[in-house]
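Residue numbers (my numbering): 623 to 834.
Ideal placement from N, C-alpha and C gives every residue a C-beta, glycine not left out.
Encoded as structure tokens, the structure appears first; notes follow it.
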Amino acid sequence: MRNVYLVTAFVVVLAVSILGFRGTKFTQPPMDVFPEWAFPGMKRQPKPRPQGESNFFADGRADRPLPAGVVSRNPLRNDDALYAGKAADGSWVRGFPVSVDATRMARGKERYTIYCSPCHGAVGDGNGITKQYGMGATPTYHDDRLRKMAEGEIFNTITHGSPNKNMQSYADKLFPEDRWAVILYVRALQRAQTGTTADVTTDAGKQALGLK
Ligand code: HEC
Numbered sequence: 623m624r625n626v627y628l629v630t631a632f633v634v635v636l637a638v639s640i641l642g643f644r645g646t647k648f649t650q651p652p653m654d655v656f657p658e659w660a661f662p663g664m665k666r667q668p669k670p671r672p673q674g675e676s677n678f679f680a681d682g683r684a685d686r687p688l689p690a691g692v693v694s695r696n697p698l699r700n701d702d703a704l705y706a707g708k709a710a711d712g713s714w715v716r717g718f719p720v721s722v723d724a725t726r727m728a729r730g731k732e733r734y735t736i737y738c739s740p741c742h743g744a745v746g747d748g749n750g751i752t753k754q755y756g757m758g759a760t761p762t763y764h765d766d767r768l769r770k771m772a773e774g775e776i777f778n779t780i781t782h783g784s785p786n787k788n789m790q791s792y793a794d795k796l797f798p799e800d801r802w803a804v805i806l807y808v809r810a811l812q813r814a815q816t817g818t819t820a821d822v823t824t825d826a827g828k829q830a831l832g833l834k
């Protein structure tokens, strides 16, 4: 019999703890298990904050000046062309601030196939697999605007995403050098679509393609 009371009490507590006080707004802060008055120094320890003040040091700053010869743990990315796609005058870089060769092209093709082709398609016509699943906004590379777009601007799109953010940033997936490799391959895809028979029959055409 005694168990009936115990079980009922347990069920009531369980029901209230699961169902009760839903959506209730509390005005008081939650219970403090280690209140400051009982355990001083546990939570609000005096400590210098970054860029804060400190009267411990004569110059009043909490941050200490860097000792001479300090080396940054992050590589210094002060080459705007390579890391931002920008020329010295602030315009988008045209051409490639990295070496261009078959190795880079192969790397670009590989990275492109992994990261871009699901949307932009294997030939860059915007007909990737995601189109069937509602990604209809993917543009083809084979229009004049994107053919003429500076390499630096494409670099910027890969780094920060497209202007209206329908395409996200790929900066966390592609190293800057790989972004240039991908652009190189995009250029090859664009060139491939504008090929003519003269490219492979005339001497000038062959030479331009490096076939002769
Ligand atoms: C998830 C699908 C998706 C992937 C993956 C993707 N894109 Fe896009 N991309 C888009 C869409 C959608 C747009 C059109 C964006 C817009 O309208 O702003 C776009 C636009 C672009 C543009 C044109 C930007 C402009 O200014 O109009 C370039 C260049 C581009 N993508 C390159 C790439 C490259 C290079 C990759 C691989 C690193 C890539 N995209 C991967 C969906 C994608």
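Close beta carbons around residue 665, own chain, < 8 Å, minus the five adjacent residues each side: 656 and 658
Between the beta-carbon of residue 773 and the beta-carbon of residue 718, is there less than 8 Å? yes
Helix, strand or coil at residue 699 [DSSP, three-state]: Here residue 699 sits in coil by DSSP.
Does the Cβ of residue 770 have 16 or more other Cβ atoms within 10 Å, making it buried, or fewer, making it exposed? By the Cβ neighbour-count rule, residue 770 is exposed, with fewer than 16 other Cβ atoms within 10 Å of its own.
Report buried or exposed for residue 797, applying the criterion of at least 16 other Cβ atoms within 10 angstroms of its Cβ. exposed
Contact under 8 Å by Cβ, residue 781 with residue 767: no
Candidates 740, 823, 698 and 745, of which the one nearest residue 757 by Cα: 740
With H, G and I counted as helix, E and B as strand and the rest as coil, what does DSSP make of residue 671? coil
Across the segment 720-733 and the segment 803-811, are there enough close Cβ pairs to call them in contact, namely three or more that are closer than 8 Å? yes
Taking the alpha-carbon positions, what's the residue 765 to residue 819 distance? Distance between the alpha carbons of residue 765 and residue 819 is about 21 Å.
Collapsed DSSP secondary structure at residue 714 in the structure displayed: strand
What span of residues does the alpha helix (DSSP H) with residue 640 cover, start to end? 624-641
With distances taken from CA atoms, which of 742, 711, 636 and 649 is nearest residue 788? Put simply, of 742, 711, 636 and 649 the residue whose alpha carbon is nearest the alpha carbon of residue 788 is 742.
Tell me which same chain residues have a C-beta within less than 7 Å of the C-beta of residue 705, skipping the five on either side of it? Hits under 7 Å: 699 and 798.
Own chain partners of residue 853 with C-beta closer than 8 Å, once the 5 adjacent residues on each side are dropped: Past the boundaries of the shown model lies residue 853; the chain is included only from 623 to 834, so the question cannot be answered.
Report whether the distance from the Cβ of residue 759 to the nearest heavy atom of ligand 1 is below 7 Å. Indeed, a heavy atom of ligand 1 lies less than 7 Å from the Cβ.
heavy atom of ligand 2 below 7 Å from residue 779 C-beta: Ligand 2 is not part of the structure shown, which contains ligand 1 as its ligands.
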